[in-house]
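In the working numbering, the protein residues as written are 42 to 585.
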Amino acid sequence: MRLLKCMISEDDTVEIALKHFLDSEIPTYAILSHRWGRDHHEVTFQDIINNVAGYREKPGYSKIISCCRQALRDGCSYVWIDTCCIDKTSSAELSEGINSMYSWYERSIVCYAYLNDVSSDEDPEDRNSSFRRSEWFTRGWTLQELIAPTSVVFFAKNWIDIGSKRSLANAVSDITNVELSVLLRMVDRDISVAKRMSWAANRKTSRIEDRAYSLIGLFGVSLPIIYGEGERSFMRLQMEIVKTSNDQSIFAWEDSGRCSQDAFASSVDQFSGSSDYSSTPLASYLEQSEDGTSNLRMDYSLTNFGLCVRLPLYQSGYGAMLMACLSCVNSKGDSCYIYLRPSPDRLPNHYTKATLAGKSIAHRVTKAHALRSFEEIFIAQRDPSRLVMASPIRMTMTKHRYILRTSGFEDLRCIECAPTWAWRKDLFIKDLVFDIAFDACDFTTSYVAILFIDTKSKEKIAVVLGVHNNCVWSDLVVMNKARSSEAVHEDYLHWPSPKYSMRAKALDWIKKPRTIPGKYVVLTVRKKMGSPYEQLSGVDISAR
C-alpha cells in the first residue's frame, strides 16, 4: 500500500512524500473521500513521483494539502488519497487498488468526506440544506466510502467540520436509504443482497464499469478489472456473488423498461425498489416442500443452459407463465416471486424471466395457486457467444403510435383489431390511429393485428405492426377465408412459427398479390416526428 507522508515545514507549510508499505508494516492513516474534478485538475502519482512542473498549481493540490493538514491536527502523519496513491498507468496496480479499496477505507483511523458543494453556514439536517443536495451522495464510489470506515467526518467546501457519520446519521440515512444500524455499525443480522444493491441504484460513475467495480468490497468478492466491457461488469459481479452466497434476493429485481429475460439484472438500477427485501430463514422457506426436506438441495449453479436452481413453482393465472417463489420476503411478510415464461426452445423446465406491467414481485399467493413442490429449473442467461444485432438504444419511449391511411380501394373498412385496446377511435376522424405500449416488455402487447375488409370483393386484409429492438416491424396478410384479428395476432406470438421471424426482419415496405387477379396491395411504413416519449409512424395501405 502506498501512503502520503505529511510533514509541517518550518514556515508552517505542508510537505508531502509518497511512501510504500508492506501489508504487515502499514501505519495508522487517514483516508479521503471526495468527488473528482476534471482529470487534468487532479494531482496524479506521476505528478508527485516525477515532481512535474506546475503540479502544485493544480486545483486538486489544495485539496490534498487541506486533507494532510487536518490529518496532522488529528495526530496522524499518513494519508491515503485515490488520485495520487495509485499508479493508474499500471493496470495491475489499478486492479489491485479497486479490489482492495473497501478494506483500505475500513482499516483507516478516520475518513474525511470532503463535500465541495456544501456550505458550512447551514444546518446539515435542514431539509433544504446544500448538504442534502450534495453530489457526493449521488456518486457510485462514495457508497463504500460511507459504509466501510468506522469514523467518517464531513467537511464543507472551506474545510470546516460540519458533523460526522454518527452525528448526522438520521440525515445521511434519509438521503441514502442506508439503514441507521449500518451507519452506526450496530448490524446484528445479515443485510440482504437486494437491499445492498438498492443503496447503489441510481448512483453515477464516470465509467459504466465502475458501477459494478465500486460494489466489489460491499459484497466481499474480487473481480478482474476490464474497462471496455460495459454492463457485462455488473453481470460478472452478480455471478461472482452467487458463487459464495445463497441469498436469493439477488434475483429480486424488477425490470425498468429494458425487457430483460435473464436471471440476473442488467443494471444495479433495477434494484431501486428492492430495499424492502430480506432473506427468509431456510427452515420456513423449506416448508413449501410437499415431499419433505431430506433430499432437497438448495444450491444453485451457473450452467451453459443458464442458472440451475430448485424453486417452488406456482400457477400465475397468465397462461403458461409460472411464478417461482424466492427465499426472501418484504417487511409485510409477503413472499417474493419471479415470473417465468417457457423458453423459446421449448426444453422441459427451461424458462426465461418475464415481467408483467403493474405486478410487484412481492405479494401473497394462496394454496389454490400451488402447482408443484420444489422443482429443478433452468433460467436462461444471455449467451455471449451468440451474435445478436440488437439496438443499443434504450427503450425509453412509453408507446408507438401509428396513423393509417388507405388509398386506391373502392371501400376498404377497418372492422377489428387485436388487442382491442390499441384502436384509438377517439383520435382523428379521417385517419385510423393505433397505439402500441411496450412498457410491459410482453410480446403479447408489443404488436397489433388490424383487420380490414374490402366490401366490394369481400377480400380481407390484415396489417400487423409491432416494435422489436426499437425498430418498427410490419407484415401484410391477404386472405379470402374468414379469420379473426385475434387468430392473426396469435400467428406471430410463438417461436419457431414462421410468422414470428417477421419481428427481426423489420420490414417497412411489403407488396402482396390480392385475390383479384393482377392486383396488388402495398404496405408502407414511414417514421415521423414524434415526442421524447412517443414514436410516431405513418402507415399507408394502397391498392395497385
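All residues carry an ideal CB built from backbone N, CA and C; glycine is no exception.
(1) Report buried or exposed for H509, applying the criterion of at least 16 other Cβ atoms within 10 angstroms of its Cβ.
(2) Leaving out the 5 sequence neighbours to the left and right, which residues in its chain are closer than 7 Å to R110 when beta-carbon positions are compared?
(3) Whole angstroms are fine: how far does the CA of Q311 sit from the CA of V210?
(4) Can L348 and A304 be called in contact, C-beta distance under 7 Å?
(5) Is it buried or exposed, M48, if we count other Cβ atoms within 10 angstroms and call 16 or more buried?
(6) Can you tell me which of the three DSSP states I201 falls into?
(7) Relative to the C-alpha of D158, which candidate in F195, C377, E575, G269 has its C-alpha closest?
(8) Is S74 closer than 7 Å to C152 when the C-beta atoms are compared?
(9) Got a sec? Which residues, its chain only, sit under 6 Å from S118 by beta carbon, not counting five neighbours each side?
(10) Any idea what DSSP makes of L209, helix, strand or coil?
(11) Decide if T344 is buried, meaning its Cβ has at least 16 other Cβ atoms within 10 Å, or exposed.
(12) Using the C-alpha atoms, what's the distance from Q302 back to R544?
(13) Given a cut-off of 7 Å, decide if C125 and I67 are closer than it, judged by their beta-carbon atoms.
(14) If you reduce the DSSP assignment to three classes, tell me which class S175 lands in.
(15) Can you tell me which residues form a DSSP beta bridge with D476?
(16) Leaving out five residues before and five after K552 in sequence, what residues of the same chain have Cβ atoms less than 6 Å from its Cβ?
(17) Please give the ranges of any beta strand (DSSP E) in the region 134–194, keeping only runs that are unbroken, at least 3 residues long and fully inside the region.
(18) Might you give, ordered along the chain, the residues of its own chain that have their beta carbon closer than 7 Å to the beta carbon of S384, omitting 5 neighbours on each side?
(19) If you follow the alpha helix (DSSP H) that M238 is part of, which residue opens it and which one closes it?
(20) Alpha carbon to alpha carbon, how far is K129 from D80? Give it in angstroms, no decimals.
(21) Could you have a look at A463 and say whether DSSP puts it in helix, strand or coil?
(22) Counting only the same chain and skipping the five closest in sequence on each side, list residues whose C-beta sits under 6 Å from that of D53.
(23) For S315, is the classification buried or exposed, using 16 other Cβ atoms within 10 angstroms of its Cβ as the cut-off for buried?
(24) Cβ of S161 within 7 Å of Cβ of A197?
(25) Let's test the definition: count the other Cβ atoms within 10 Å of the Cβ of S320 and tell me whether it reaches 16, buried, or not, exposed.
(26) Let me make sure I understand the geometry here. Which of L492, K60, A293 has the alpha-carbon closest to that of N521?
(27) Write down every uninterrupted run of the alpha helix (DSSP H) in the region 305–383 whose length is 4 residues or greater and which is fully enclosed by it, in chain order.
(28) In chain order, which alpha helix (DSSP H) runs of at least 4 residues are fully inside the region 524–584?
(29) Excluding the 5 residues preceding and the 5 following D516 in the sequence, name in chain order all residues of the same chain whose CB lies nearer than 6 Å to its CB.
(30) Alpha carbon to alpha carbon, what distance is there between P537 and G559?
(31) Who are G507's beta bridge partners in DSSP?
(32) Below 8 Å on the Cβ atoms is my guess for I122 versus I105; work out the distance and round it to an integer in Å.
(33) Is A463 closer than 7 Å to D476 when the C-beta atoms are compared?
(34) What first and last residue would you give for the alpha helix (DSSP H) that runs through M48?
(35) Give me the Cβ distance between Y318 and A242, rounded to the nearest whole Å; I'm assuming they're in contact under 8 Å.
(36) May I ask you to list the residues that DSSP assigns as paired with W77?
Concretely, from the data shown:
(1) buried
(2) V55
(3) According to the sequence displayed, residue 210 carries Ala and not Val. Taking the straight line from one Cα to the other gives about 26 Å.
(4) yes
(5) exposed
(6) coil
(7) F195
(8) yes
(9) C47
(10) coil
(11) exposed
(12) It is roughly 17 Å from the alpha-carbon of R544 to the alpha-carbon of Q302.
(13) No. Outside cutoff.
(14) coil
(15) D476 pairs with R442.
(16) Y561, V563
(17) 151–155
(18) H391, Y392, T393, A421
(19) 234–241
(20) 12 Å
(21) helix
(22) none
(23) Result: buried.
(24) yes
(25) buried
(26) L492
(27) 323–327
(28) 526–532, 543–546
(29) So the list reads V505, M543, once near-sequence residues are dropped.
(30) 33 Å
(31) Y488, W514
(32) The pair is a contact, with the Cβ atoms about 6 Å apart (cut-off 8 Å).
(33) The answer is yes: Cβ separation under 7 Å.
(34) Counting along the chain, M48 falls outside any alpha helix (DSSP H), though it belongs to the beta strand (DSSP E) covering 43–49.
(35) Between A242 and Y318 the Cβ distance is about 13 Å, and since that is not below 8 Å, they are no contact.
(36) Per DSSP, none; premise fails for W77.
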